[in-house]
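All residue numbers for the sequence shown refer to full-length UniProt numbering, where the first residue is 1 and numbers rise by one.
Cβ coordinates follow ideal geometry from the N, Cα and C atoms, glycine included.
Computed from a predicted model, the values in this text were never measured in an experiment.
Below is one structure, written out as structure tokens, with a few remarks after it.
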Amino acid sequence: MTTQTTPATLSGGVPAPATPPAVPVTALIDLPGLRNAAPIGGGCCSLAADDAVRDELESWPGVTVEKIDAEAETVPVRYEPDRADRLSDAVDAVRDLGFDQAGIRGR
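Set out below in structure tokens:
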């Protein structure tokens, strides 16, 4: 048996508009200590601290790093507002890299 689906319609047979995707918002993460941070890891597997932070943040779905500013010790990120809890989890993971004071500015 084949099931057929039809698009949602409003009264009068007018198609219902599709729900637009959530518009990403920007947050600023403070990373005290980033300016003078030593590489993370060891040997051939070590990464510059800012690269390790970028890799960690971008491993979380819906989070995108815009540009790390090591001198200002900040990281602007874009994230989907319906995934704000993921951003908090991502910052917790950055703390696990050794940036104990990492936090989302304005929260």
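- In the DSSP annotation of this structure, the continuous segment of the alpha helix (DSSP H) that includes D96 starts and ends at A84 to D96.
- The continuous alpha helix (DSSP H) containing V53 extends over residues A49 to E58.
- With contacts defined as CB atoms closer than 7 Å, P81 and L28 fail to qualify as a contacting pair.
- Residue pairing of I40 in beta bridges, as defined by DSSP: L47.
- At the C-beta level, A102 and W60 stay beyond 7 Å of one another.
- When the Cα atoms are used, L47 and T64 turn out to be separated by approximately 19 Å.
- According to DSSP, residue pairing for R78 in a beta bridge involves T26 and T64.
- If you check the CB distance, G62 and R83 come in under 7 Å.
- It is roughly 23 Å from the alpha-carbon of G41 to the alpha-carbon of L87.
- In the three-state scheme derived from DSSP, where H, G and I count as helix and E and B as strand, P32 is classed as coil.
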